[in-house]
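These notes concern the structure reproduced below.
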Amino acid sequence: MRKASSILPLLLSTVAGTFGGALGIAWYVSSRVNPLPRRTYIDTYTFTPWELGVPYEEISLRTPDGLNLSGWWLPRPESRSVVIGCHGHTSFKADLLGIGTRTWRAGHNVLLFDFRGRGESDPWPNTLVGREVQDLLTAAAYARERAPGAHIGTVGYSMGAVVSILAAVQEPVIAALVVDSPFAVASEVVAASMRQVIRLPPEPLLAITDALIERQHGYRLSQVRPIDVISGLAPRPILFIHGTADSTIPVSHAHRLFAAAGQPKELWLCEGAEHCGAYFADRNSYVNRVTAFFDQYLRSLEL
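Structural data, given as structure tokens:
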């Protein structure tokens, strides 16, 4: 009995240590998925459309929960189309100046904005589509008011691509989507990252992380599954873009989303490109393909 009683504290401490370690890893993963914004004055030292010789207006978008989102409106008063840019998880609107200004030069109104907690928008934890879908819906509502009767398209990257899919399911006014490097299931991406770090089955840790994120931010990674809803976008057109060497979101996600989507749809795989790298692999081909897609599907609605 003495031997058993001496082992019990050791077992309890081992269990407690294991649980504590698992909780610590889950907390770390949650903070990586939902980082708190940390800003300095340097964050405002960015290029704007002015550096590229494009007229623009600084705008503020007010979300239903009372946050101000910073945006740029690139006007084409003669056009009846608007393209909204949706940046990635830890990115901001200035990163979309390349595709944004070229889309404007192609004759479309363009709206670039910072999701909450990024760029110059009001601070907020950078959730992974927890509240960002509402941010895009706010931007789409602004576009409808600013250009009444205009046909709206979105071009999104990584998280922004997923946000555009989920928002378009709720908002039929979004008529055409370009989605660059989206994931099919959020928890699979996080689980793959866990495997690279802990070298153990990630499912138990993922369950703890999921519960922690729900408690802190009000959503679950396991529920972020664009593959389950993307078929509901048909007959609105979708252009999928993905790099074949993407180490963040494997190209298999693009194949699965493409298979689940309805017609019309296109899949452009950029050979050897990393995550969101197709633009940088061939800028000219990229912007020509994206603007041709919007010319075809947004302007055709004007006829």
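Numbering (my numbering), first residue to last: 783 to 1085. Note that the Cβ used here is the ideal one computed from N, Cα and C, for glycine as well.
Under a three-way DSSP split, which group does residue i fall into?
i: Ile-947; result: helix
i: Gly-803; result: With a pLDDT of only 47 at Gly-803, under 50, the local geometry of the prediction cannot be trusted, and no value is derived from it.
i: Ser-1013; result: helix
i: Trp-855; result: strand
i: His-871; result: coil
i: Ser-975; result: helix
i: Gly-942; result: helix
i: Asn-850; result: strand
i: Leu-910; result: coil
i: Glu-1112; result: In this structure the chain extends from 783 to 1085, so residue 1112 is not present and cannot be described.
i: Ile-824; result: helix
i: Thr-991; result: helix
i: Glu-833; result: helix
i: Arg-844; result: strand
i: Thr-920; result: helix
i: Glu-985; result: helix
i: Gly-1000; result: coil
i: Glu-1048; result: strand
Please report the residue range of the beta strand (DSSP E) in which residue i lies.
i: Trp-886; result: Unbroken run through Trp-886 is the alpha helix (DSSP H), 879-887; no beta strand (DSSP E).
i: Val-961; result: 956-962
i: His-1035; result: Counting along the chain, His-1035 falls outside any beta strand (DSSP E), though it belongs to the alpha helix (DSSP H) covering 1034-1042.
i: Leu-1080; result: Counting along the chain, Leu-1080 falls outside any beta strand (DSSP E), though it belongs to the alpha helix (DSSP H) covering 1065-1080.
i: His-1024; result: 1020-1025
i: Cys-1058; result: No beta strand (DSSP E) holds Cys-1058; DSSP gives it neither H nor E.
i: Phe-965; result: Neither: Phe-965 is in no beta strand (DSSP E) and is coded neither H nor E.
i: Phe-895; result: 891-895
Kindly indicate which residue of the options has the alpha-carbon position closest to the one of residue i.
i: Gly-882; options: Gly-1014, Trp-855, Ala-968, Lys-1047; result: Trp-855
i: Glu-1053; options: Tyr-1068, Ser-946, Trp-886; result: Tyr-1068
i: Gly-1014; options: Leu-1039, Thr-1026, Leu-1003, Arg-858; result: Leu-1039
i: Thr-909; options: Ser-873, Ala-921, Leu-1051; result: Ser-873
i: Arg-926; options: Trp-832, Arg-821, Asn-891, Cys-1058; result: Asn-891
i: Leu-834; options: Arg-887, Leu-1080, His-869; result: Arg-887
i: Ser-1029; options: Ala-950, Ser-1004, Gly-1059; result: Gly-1059
i: Pro-907; options: Pro-837, Pro-857, Ala-921, Gln-998; result: Gln-998
i: Gly-938; options: Pro-964, Glu-840, Ala-876, Ala-932; result: Pro-964
i: Tyr-1061; options: Val-961, His-1037, Tyr-827; result: Val-961
i: Gly-867; options: Ile-934, Ala-929, Thr-822, Val-911; result: Ile-934
Tell me, to the nearest whole angstrom, how far the beta carbon of residue i is from that of residue j; I am working on the premise that it is less than 8 Å.
i: Phe-829; j: Leu-879; result: 6 Å
i: Ala-1055; j: Ala-1063; result: 5 Å
i: Gly-889; j: Ser-852; result: Not a contact, Cβ separation roughly 25 Å.
i: Ala-949; j: Leu-988; result: Not really, about 26 Å apart at Cβ, beyond 8 Å.
i: Pro-1008; j: Ile-956; result: Not confirmed; about 14 Å, so no contact.
i: Ser-1004; j: Asp-992; result: 5 Å
i: Phe-1022; j: Trp-1050; result: 7 Å
i: Val-945; j: Glu-970; result: About 18 Å; that fails the 8 Å criterion.
i: Ala-958; j: Tyr-1079; result: 4 Å
i: Ala-1016; j: Gln-1045; result: 6 Å
i: Pro-857; j: Glu-839; result: 7 Å
Determine, using beta carbons only, whether residue i and residue j come nearer to each other than 8 Å.
i: Ala-973; j: His-1035; result: no
i: Thr-885; j: Val-865; result: yes
i: His-1024; j: Ser-940; result: no
i: Arg-754; j: Leu-843; result: The requested residue 754 is not part of the displayed model; the chain covers only 783 to 1085.
i: Ala-968; j: Val-1011; result: no
i: Asp-896; j: Lys-875; result: yes
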